[in-house]
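**Student:**
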Amino acid sequence: MTRSDKPKLDRGHVLALLRDMIRVRKFEDKCAELYTQEKIRGFLHLYDGEEAIAAGIIPVLGPEDRVVATYREHGHALVRGVPMTAIMAEMYGKAEGCSGGRGGSMHLFDAGKNFYGGNAIVGGGLPLAGGLALADRMRGEARVTVCFFGEGAVAEGEFHETMNLAALWGLPVLFVCENNGYAMGSALDRTESATDIHAKAASYGIESHQIDGMDVVAVEAAARKAVARIRETGQPVFLECKTYRFRAHSMFDAQLYRDKDEVADWRKKGPIVRFQGWLLENGLIHQSDIDEIEKASEAEIAEAVSFAEAGTWEPLETLTNHVLGEQPPAPPAPAASGETVEMTYREAVKQGIRDAMNRDDRVFLMGEDVGAYGGCYAVSKGLMDEFGPERIRDTPLSESGFTGAGIGAAAAGMRPIVELMTVNFSLLALDQIMNTAATIRHMSGGQFGVPVVIRMATGAGKQLAAQHSHSLEGWYAHIPGLKVLAPATLEDARGMLWTAIQDPDPVLIFENVMLYNMTGRIDAKAGPVDIAGAAVRRAGTDLTLITYGGSLFKTLEAAEALAGDGINAEVIDLRSLRPLDDATIMASVNKTRRALVVDEGWRSGSLSAEISARIMEQALWSLDAPVGRVCAQEVPIPYPKHLEDAAIPQVPGIVAAARAMMGR
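Mapping the sequence shown onto full-length UniProt numbering, position 652 (from 1) lands on 652, and the numbers just tick up by one.
(1) With DSSP as the reference, label Ala534 as helix, strand or coil.
(2) Return helix, strand or coil for Arg629, following the three-state DSSP convention.
(3) In chain order, what residues of the same chain have a beta carbon less than 6 angstroms from the beta carbon of Ile648, not counting five sequence neighbours either side?
(4) Give me the Cα-Cα distance between Pro331 and His45, rounded to the nearest whole angstrom.
(5) Taking only runs that begin and end inside the segment 294–374, name each unbroken alpha helix (DSSP H) of 4 or more residues, in chain order.
(6) Considering only C-alpha positions, which residue in the set Ser551, His642 and Met518 is nearest to Val349?
(7) Looking at the structure shown, is Phe149 part of a helix, part of a strand, or coil, going by DSSP?
(8) Given this structure, state the Cα-to-Cα distance separating Ala378 from Tyr516, to the nearest angstrom.
(9) How would you write the range of the alpha helix (DSSP H) that Asn164 sits in, first residue to last?
(10) Gly125 and Met443: beta carbons closer than 8 angstroms?
(11) Taking the alpha-carbon of Asp523 as reference, which of Ile654, Thr344 and Lys462 has the nearest alpha-carbon?
(12) Go to Ser400, then tell me how far its alpha helix (DSSP H) extends in each direction, as first and last residue.
(13) Enumerate in chain order the residues of its own chain whose CB-to-CB distance from Asn424 is below 7 angstroms, with the five nearest sequence positions on each side excluded.
(14) By the DSSP assignment, the beta strand (DSSP E) with residue 665 in it spans what residues?
(15) Can you find at least 3 beta carbon pairs, one from the segment 558–575 and one from the segment 434–441, that sit closer than 8 angstroms?
(16) Do you know how far the Cα of Ala111 is from the Cα of Met1?
(17) In its own chain, which residues sit with a C-beta less than 7 angstroms from the C-beta of Tyr92, not counting the 5 before and 5 after it?
(18) Which residues in the same chain as His209 place their Cβ atom closer than 8 angstroms to its Cβ, once the five residues preceding and following it in sequence are excluded?
(19) Along the chain, where does the alpha helix (DSSP H) that runs through Asn590 open and close?
(20) Tell me whether Met184 is buried or exposed, calling it buried when 16 or more other Cβ atoms sit within 10 Å of its Cβ.
(21) Quick check on the burial criterion: 16 or more other C-beta atoms within 10 angstroms. Buried or exposed for Asp20?
(22) Considering only residues of the same chain and omitting the five flanking positions on each side of Trp313, which have a CB-CB separation below 7 angstroms?
(23) Keeping to the same chain, check which residues put their C-beta closer than 8 angstroms to that of Arg354; ignore five residues upstream and five downstream.
(24) With which residues is Lys242 paired in a DSSP beta bridge?
(25) Using 8 angstroms as the cut-off, can you tell me whether the segment 588–595 makes contact with the segment 620–627, which would need three or more C-beta pairs spanning the two stretches below that distance?
(26) Evaluate Lys260 with the Cβ neighbour count: other Cβ atoms within 10 Å of its Cβ, from every protein chain shown; 16 or more gives buried, anything less gives exposed.
(27) Measure the Cβ-Cβ separation of Val154 and Phe115 and say whether it is below 8 angstroms.
(28) For Leu577, name the three-state secondary structure that DSSP assigns.
(29) Taking the DSSP output, what are the residues bridged to Phe448?
(30) Any idea which residues DSSP pairs Ala599 with across the strands?
(31) With H, G and I counted as helix, E and B as strand and the rest as coil, what does DSSP make of Ala95?
(32) Hey, Gly550 and Met514: beta-carbon distance below 8 angstroms or not?
(33) Is it a yes or a no for the segment 633–645 touching the segment 529–545, going by three-plus beta-carbon pairs under 8 angstroms?
(34) Exposed or buried, which one is Gly401 when buried takes at least 16 other CB atoms within 10 Å?
(35) Whose C-alpha, out of Glu491, Pro506, Asp581 and Arg80, is nearest the C-alpha of Ala333?
(36) Note down the Cα distance separating Arg3 from Ile211, rounded to an integer number of angstroms.
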């Protein structure tokens, strides 16, 4: 440790350390009281006993550094400088809260303080922190991201995936494990076969230290050394802080898993007791100093409570605010150049990626085998040679870890394109997609957005059997905060990507596996396209066929077959599955008076069911027949070709359903 890394234990500094800890402790005591009065609700996780960690680490950071916390984050937010008034108002759920009342106890955010919030998902903040640091590394910015989490998170896959990525990519993260001995109610030795947590981080090649988390001086000394090391090398450092929580896991917890004597023994060696006693014993402070700190803390808390009590409830009229960011205008349709080129759907996607990367240095592609291998479906073949391994970034097989890293990089201002090899693999990243990407804008009251694009292959038809043939677009279209696209044409495959990258919200793009080899001609200067509207691909008067993605061309073929029977079918390509373009759908149904939805997803709980319900709600009195549906059979997709074909919508089935609807 260099001289500048050492804590300076002069009177002013020790008083500041003590003040931070007492302030946090008294705030938590008050929160417990307010909880019993039912003024604070939900889960309430208190930081009593762990104050030395936040007090010793966070003041070492600069204002430009970032903090990612866990659900026990009140102490982190207070020490970081988030105003106590705003924190207390947030605990009440008031509009004046630091997250606008949207987050509550577990989701405190403050963009001005670079405080990226608490996270209710155990281990959920680790990939986010890795992504924030990845953005800084790629831009050459000398920031440090600190990520706090409990020892329970060490059992999560996201812990190990993030440790590997941090070491592999040299991410400037200070990982802080607040090891309080209990993951909720399970003692560490009952849940972990190896209980030396810092050794687990060290096994990934990360510099790792175990320290006494009840000793604020030891914590600060370790933090100063770690932060200096990260700034010097750009490499991650891991601190395991051995601590103890004096209160329950949350206020719902009856604490039947530990006895009162254990808690009492730990209280005797608590961080405030130890530090305060040492200071008094050595004459560095006096009892009057302690009295003054306590009095000031109590006054600040009283002010915070009054502020929260006087705060306002957000009006019901703004309930749907902060689900999506400010929506950009639809891009103008590019003028036709008069020159067309032939290309495959695969090449159109590649051109979209290439265009985006040439236009914006913030854009990069990351995913499994996207670089040297060229992508599972050869979409990115050759791009690593053009843009290098930093911007065409191969990842480990760790979907949650690298998707979360992409989300974090987007939150820090980058424009990542995350490729998940297949839609079924995306389920391993569902936590990060649903609980972070889709919710952080809402939970932070609009302070943080995630402009990430996540691409994945979807659909059946290549005899890949049950685990690689899913059509789960409808699942994702269920989630507020996401935009879900299904480009079917060459123009959409190329142009939707560029528009999506400029969008302020997370956009998921589903590319049907049966389209990659499709060849067609496209304008040589094809550009960005709207990602919010459906398209009428074939005009008609007798029947509306509604579909998307890989089923579009089957549906168009069916429409031509129906024309031979004198049935003039209109075909709508949804293009966007969230949001759905109700206006285009209803205009067509009101004209044709019949609707048939073709959806490669399973019938039960499907996107087709949602569309059918909307038609019934908005256009019932225009209908001459019930809405029909052609969907995948209720069976995992089989391997044999004849069974696979029978399991998903095909042209004869679409034609038969349409004829039946027309009474033919």
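Idealized CB from N, CA, C, for every residue including glycine. Fair warning: this is a prediction, and the values are worked out from it, not measured in the lab.
**Tutor:** Looking at the atomic coordinates:
(1) Position 534 of the sequence shown, counted from the first residue, corresponds to residue 534. Coil at Ala534, not helix or strand.
(2) Within the sequence shown, residue 629 is the residue found at index 629, counting from 1. The answer is strand: DSSP assigns Arg629 an E or B state.
(3) Against the sequence shown, residue 648 aligns to sequence position 648. So the list reads Ala460, Glu600 and Ala632, once near-sequence residues are dropped.
(4) Position 331 of the sequence shown, counting from 1, holds the residue named residue 331. Position 45 of the sequence shown, counting from 1, holds the residue named residue 45. So the two alpha carbons sit approximately 46 angstroms from each other.
(5) 345–359
(6) Position 349 of the sequence shown, counted from the first residue, corresponds to residue 349. The shortest C-alpha separation from Val349 is found at Met518.
(7) Against the sequence shown, residue 149 aligns to sequence position 149. Note: Phe149 maps to strand in three-state DSSP.
(8) Translated into positions along the sequence shown, residue 378 becomes position 378. Translated into positions along the sequence shown, residue 516 becomes position 516. Inter-residue distance for Ala378 and Tyr516 is about 9 angstroms (C-alpha atoms, whole angstroms).
(9) Residue mapping note: residue 164 aligns to position 164 of the sequence shown, counting from 1. For Asn164, the uninterrupted alpha helix (DSSP H) run begins and ends at Gly157 to Trp169, by DSSP.
(10) The sequence position of residue 125 within the sequence shown is 125, counting from 1. The sequence position of residue 443 within the sequence shown is 443, counting from 1. The answer is no: Cβ separation not under 8 angstroms.
(11) As a first step, residue 523 is located in the sequence shown; it is residue number 523 there, counting from the start. Of the listed residues, the one whose Cα sits closest to Asp523 is Thr344.
(12) Looking up residue 400 in the sequence shown gives position 400. Glu399 to Ala411 is the span of the alpha helix (DSSP H), which, as asked, contains Ser400.
(13) What you label residue 424 is simply residue 424 of the sequence shown in a count that begins at 1. If we look at Asn424 and ignore the five residues flanking it on each side, its Cβ neighbours are Gln467, His468 and His470.
(14) Residue 665 cannot be examined here, being either before or after the span of the chain that is shown, 1 to 664.
(15) no
(16) For the purposes of this step, residue 1 is taken as residue 1 along the sequence shown, with counting starting at 1. For the purposes of this step, residue 111 is taken as residue 111 along the sequence shown, with counting starting at 1. Note that Met1 scores 40 on pLDDT, short of 50, meaning its location in the model is unreliable; the coordinates nonetheless yield the value given after this. A straight line joining the alpha-carbon of Met1 with that of Ala111 spans about 32 angstroms.
(17) In the sequence shown, counting from the first residue as 1, residue 92 sits at position 92. Excluding positions up to five away in sequence, the list reads Lys39, Ile40, Ala308 and Gly311.
(18) The residue labelled residue 209 in the question sits at position 209 within the sequence shown. So the list reads His198, Ala222, Ala226, Val237, Phe238, Leu239 and Glu240, once near-sequence residues are dropped.
(19) Sequence index remark: in the sequence shown, residue 590 carries index 590 (1-based). Asp582 to Thr592 is the extent of the alpha helix (DSSP H) around Asn590.
(20) Mapped onto the sequence shown, residue 184 falls at position 184. By the neighbour-count rule (16 or more Cβ atoms within 10 Å), Met184 is not buried but exposed.
(21) Sequence index remark: in the sequence shown, residue 20 carries index 20 (1-based). Classification of Asp20: buried, given that the 10 Å Cβ count is 16 or more.
(22) Numbered from its first residue, the sequence shown carries residue 313 at position 313. Excluding positions up to five away in sequence, the list reads Lys94 and Ala95.
(23) Here residue 354 refers to the residue found at position 354 when the sequence shown is read from its first residue. Counting only Cβ-Cβ distances below 8 angstroms, and skipping sequence neighbours, we find Leu383 and Glu386.
(24) Locating residue 242 in the sequence shown gives position 242, counting from the first residue. Beta-bridge pairing links Lys242 to Asn179 and Asp212.
(25) By the Cβ test, the segment 588–595 is in contact with the segment 620–627, since at least three Cβ pairs between them sit closer than 8 angstroms.
(26) In the sequence shown, the residue the question calls residue 260 occupies position 260. Flag for Lys260 reads exposed.
(27) Numbered from its first residue, the sequence shown carries residue 154 at position 154. Numbered from its first residue, the sequence shown carries residue 115 at position 115. Cβ distance not < 8 angstroms, so Val154 and Phe115 don't count as in contact.
(28) Within the sequence shown, the letter at position 577 stands for residue 577. In the three-state scheme derived from DSSP, where H, G and I count as helix and E and B as strand, Leu577 is classed as strand.
(29) Here the question's residue 448 lines up with position 448 in the sequence shown. Its beta-bridge partners do not exist; DSSP assigns none.
(30) By one-based count along the sequence shown, residue 599 stands at place 599. In the sequence on display, residue 599 carries Asp and not Ala. Its beta-bridge partners are Cys631.
(31) The residue given as residue 95 occupies position 95 in the sequence shown. In the structure shown, Ala95 sits in coil (DSSP, three-state: anything other than H, G, I, E or B).
(32) For the purposes of this step, residue 550 is identified with residue 550 of the sequence shown, where counting begins at 1. For the purposes of this step, residue 514 is identified with residue 514 of the sequence shown, where counting begins at 1. In contact: Gly550 and Met514 (Cβ atoms closer than 8 angstroms).
(33) No, the segment 633–645 is not in contact with the segment 529–545.
(34) Here the question's residue 401 lines up with position 401 in the sequence shown. Flag for Gly401 reads buried.
(35) Counted from its first residue, the sequence shown places residue 333 at position 333. It is Glu491.
(36) As a working mapping, residue 3 is identified with position 3 in the sequence shown. As a working mapping, residue 211 is identified with position 211 in the sequence shown. Legend: pLDDT at Arg3 = 41, less than 50; position of this residue unreliable, no value from coordinates given.
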